[in-house]
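Here is the structure we will look at, set down as structure tokens.
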Amino acid sequence: DGGITQSPKYLFRKEGQNVTLSCEQNLNHDAMYWYRQDPGQGLRLIYYSQIVNDFQKGDIAEGYSVSREKKESFPLTVTSAQKNPTAFYLCASSARQGAADTQYFGPGTRLTVL
Amino acid sequence: GNSVTQMEGPVTLSEEAFLTINCTYTATGYPSLFWYVQYPGEGLQLLLKATKADDKGSNKGFEATYRKETTSFHLEKGSVQVSDSAVYFCALLGGNEKLTFGTGTRLTIIP
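Structural data, given as structure tokens:
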């Protein structure tokens, strides 16, 4: 079955540590996205990538970094510079960015900073 | 900039009741509009969408009509079930090529 996988489902981190969240898709989509969800709020865009080896900052990129070395993979690193990293992180993909294509979401990773 | 305003929750209804969740938007140009649903502990699933004025999106008994004159995309269902309990997000995809979400409406259906 085609889809988006995220791992791990739950992640715990100590303050001051970097942590990387995995996102993989086998939909052959060009565009991939990372969102952050906080309780009672909508989703906010962290980073997005339209094509391999290219990515752009979203609305809340500070304290995060990404890479896009392969079409199917778009890992997100939450660095120690992110002041409030505890949140639910969602990865999404679409066939093409900028063509009004529907975004499809993974199951999410819940990150908790201890 | 683009924005989406959703009906404040939580919403609690009895099984078989009629559901409306209001959604209005502000955007330049002609955005596409979406409803996503999130079940507890899961990611978002696309429920329905509409890409131009007067289009009606529908899925699983849910419907929403793209009303440009009122800048609205209200979600409706004629008879809700306990399994419809979830958080519903209205969203728009605008000319800036980014998806803008509302804050979500938590729906609980009681038997």
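Chains as they are written, first to last, in my numbering: chain W, 1 to 114; chain C, 1001 to 1111.
Beta carbons are placed, not taken as given, at the ideal position from N, Cα and C, and that holds for glycine.
Bear in mind that the values here come from a model prediction, so they are computed numbers and not experimental data.
In the pairwise beta carbon analysis, the region 72-91 of chain W is classified as touching the region 19-36 of chain W: at least three pairs are separated by under 8 Å. Counting only Cβ-Cβ distances below 7 Å, Pro107 of chain W has contacts in chain C at Glu1042, Gly1043, in chain order.
A Cβ of chain C is located within less than 8 Å of the beta carbon of Leu45 of chain W. Flagged as an interface residue toward chain C: Leu90 of chain W, by a C-beta distance shorter than 8 Å. Between the alpha carbons of Gln1081 of chain C and Glu1015 of chain C lies a gap of roughly 5 Å. Residues Val1080 of the same chain have their beta carbon placed closer than 7 Å to that of Ala1017 of chain C, with the five preceding and five following residues left out of the count. With respect to Thr1108 of chain C, Thr1012 of chain C sits close: the two C-beta atoms are nearer than 8 Å.
In its chain, beyond the 5 residues on either side, Ala1086 have a beta carbon closer than 7 Å to the beta carbon of Tyr1039 of chain C. Within the same chain, and ignoring the five residues on either side of Ser1083 of chain C in sequence, no residue has its Cβ closer than 6 Å to its Cβ. Distance check between Thr1100 of chain C and each of C:Thr1070, C:Glu1063, C:Thr1024, C:Gly1041 places C:Thr1024 closest, using alpha-carbon atoms only. Secondary structure note for Gly1057 of chain C: its beta strand (DSSP E) is the uninterrupted segment 1056-1059. A straight line joining the alpha-carbon of Arg1106 of chain C with that of Thr1026 of chain C spans about 22 Å. In this structure, C:Ala1091 is the residue among C:Thr1065, C:Ser1072, C:Ala1091 with its C-alpha nearest to the C-alpha of Gly1104 of chain C. The beta carbon of Thr102 of chain W lies closer than 7 Å to those of Ser94 in the same chain, with the five residues before and after it left out.
Residue burial annotation: Gly40 of chain W is exposed, with fewer than 16 other C-beta atoms found within 10 angstroms of its C-beta. Neighbours of Thr1103 of chain C in chain W, taken as residues whose beta carbon is under 9 Å from its own, are Gly40, Gln41, Gly42 in chain order.
Taking CB atoms only, Gln25 of chain W has no neighbour in chain C less than 8 Å away. Gln1081 of chain C: not part of any beta strand (DSSP E); DSSP gives it neither H nor E.
Here the C-alpha atom of Lys1060 of chain C lies approximately 25 Å from the C-alpha atom of Thr1070 of chain C.
Exclusion of the five residues before and after Lys57 of chain W leaves Tyr47 as the residues of its chain whose Cβ lies within less than 7 Å of its Cβ. Straight across, the Cα-Cα distance linking Val78 of chain W with Gly1001 of chain C is about 27 Å. Considering only beta carbons, the part of the region 1043-1075 of chain C lying closer than 9 Å to chain W consists of Gly1043, Leu1044, Gln1045, Leu1046, Lys1049, Thr1051, in chain order. Spanning the alpha carbons of Leu114 of chain W and Tyr10 of chain W requires a straight line of approximately 13 Å.
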